[in-house]
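Under this note's numbering, the first residue of the sequence shown is numbered 284, with each subsequent residue one higher.
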Amino acid sequence: MKPTIALVGRPNVGKSTLFNRLTRSRDALVADQPGLTRDRHYGHGRVGSKPYLVVDTGGFEPVVDEGILFEMAKQTLQAVDEADAIVFLVDGRNGVTPQDKIIANRLRQSGRPVFLAVNKAEGMNRAIAAAEFYELGLGDPLAISAAHGDGVRDLVELVLEPF
Ligand code: GDP
Ligand code: MG
């Protein structure tokens, strides 16, 4: 079984941009898989000899559910539960937001391995871009640029190390 990597984060952090980059390998097939929930976007990728399945969750939008504000979207939570690893994207140009903290807490409870990726870091000092995000309590933040590709291969190799 290929490991499944779920991309999560608040809207506009670059999840879909990263998804496109991660599924751009020569044998990539970016398509919804039959039998899997349609609201999520699945694609195949490969780094070196390691294939993986990646899920673009389409956004960790807070929804109102039976009066509970800021409950996470069900589809995203389901993707988190089904994933072997989570890549949690944040925006290195915006800094930590309250929504990032809510998502971080929820992901910590998931029991899944979480990799914190600080996106949009092109042209920035990677250590400085990452530094602010240590406060999310998810270990070492990795600065990347989904749009330019910087740091993406290193991130995926780290995520896939146990597989
Ligand atoms: P999503 O809502 O999390 O799926 O985010 P998108 O992938 O749709 O990207 C949101 C916006 O951020 C778009 O305008 C992207 O072009 C931009 N974006 C994504 N990745 C990067 C990046 O690495 N650097 C910069 N500067 N912009 C990015
Ligand atoms: Mg998107």
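Ideal Cβ positions, reconstructed from N, Cα and C, are used throughout, including at glycine.
Contacting residues, own chain, Cβ-Cβ under 6 Å from residue i (five flanking each side not counted)
i, result
"Ala430", "Thr300"
"Val397", "Ile369, Phe371, Leu390, Leu421"
Helix, strand or coil at residue i [DSSP, three-state]
i, result
"Leu301", "helix"
"Asp433", "coil"
"Leu438", "helix"
"Leu443", "helix"
"Thr250", "The first residue shown for the chain is 284 and the last is 446, placing residue 250 beyond what the model contains."
"Leu421", "coil"
Nearest neighbour of residue i, chosen from the options [CA to CA]
i, options, result
"Ala356", "Pro445, Lys298, Arg293, Gly432", "Arg293"
"Glu405", "Ala366, Asp374, Thr359", "Asp374"
"Thr340", "Asn402, Arg389, Phe446, Leu360", "Leu360"
"Ala413", "Asn377, Glu440, Pro396, Arg436", "Asn377"
"Val442", "Asn295, Val296, Leu305", "Leu305"
"Ala410", "Asn295, Gly434, Leu290", "Gly434"
Proximal residues to residue i (C-beta, below 8 Å), its chain only, five neighbours per side dropped
i, result
"Gly420", "Ala387, Arg391"
"Gly297", "Leu372, Asp374, Asn402, Lys403, Ala429, Ala430"
Residue j beta carbon less than 8 Å from that of residue i
i, j, result
"Val363", "Ser393", "yes"
Neighbourhood of residue i by C-beta, 7 Å cutoff - its chain only, sequence neighbours within 5 removed
i, result
"Leu319", "Because Leu319 carries a pLDDT of 42, less than 50, the predicted location of this residue cannot be relied on, and the following value inherits that uncertainty. Within the same chain, Leu319 has close Cβ partners Tyr325."
What are the complete alpha helix (DSSP H) segments, minimum 4 residues, inside the region 354-380?
Listed in chain order, the complete alpha helix (DSSP H) runs (minimum 4 residues) inside the region 354-380 are 357-365.
Could you tell me which uninterrupted beta strand (DSSP E) segments, each at least 3 residues in length, are contained entirely in the region 379-419, listed from first to last along the chain?
397-402
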